[in-house]
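Asker:
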Amino acid sequence: MKRDKKTTQFYFRLAPGERKLIEKAARIDRRSTSDFIRLAVVDRAIEAIEADKKRKEDS
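Per my numbering, residue 32 is the first one in the sequence shown, and the count goes up by one each step.
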């Protein structure tokens, strides 16, 4: 079976308290925990890119 799309897997090590916090936030947002983590990582990546662009502009 040939796959059309390639995916990348990331593994995160979470403290027990962090895991419970993420699971609670995912339930509030009505998403699966993995979807919630995926969105959070994408949001953080966008923030990092924007901060880097701003830093380069200010230099």
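The beta carbon of each residue, even a glycine, is placed where N, CA and C say it ideally should be. Computed from a predicted model, the values in this text were never measured in an experiment.
Does DSSP classify K51 as helix, strand or coil?
Answerer: In the sequence shown, counting from the first residue as 1, residue 51 sits at position 20. In the structure shown, K51 sits in a helix (DSSP, three-state: H, G or I).
Asker: Using 8 Å as the Cβ pair cut-off and three pairs as the minimum, do the stretch 49-67 and the stretch 77-90 touch?
Answerer: With the cut-off at 8 Å, the stretch 49-67 and the stretch 77-90 do not touch.
Asker: In angstroms with no decimal places, state the Cα-to-Cα distance between V73 and F67.
Answerer: Position 42 of the sequence shown, counted from the start, is the residue given in the question as residue 73. Position 36 of the sequence shown, counted from the start, is the residue given in the question as residue 67. Cα to Cα, the separation comes out at about 10 Å.
Asker: Quick check on DSSP: helix, strand or coil for F67?
Answerer: Residue mapping note: residue 67 aligns to position 36 of the sequence shown, counting from 1. Three-state DSSP puts F67 in a helix.
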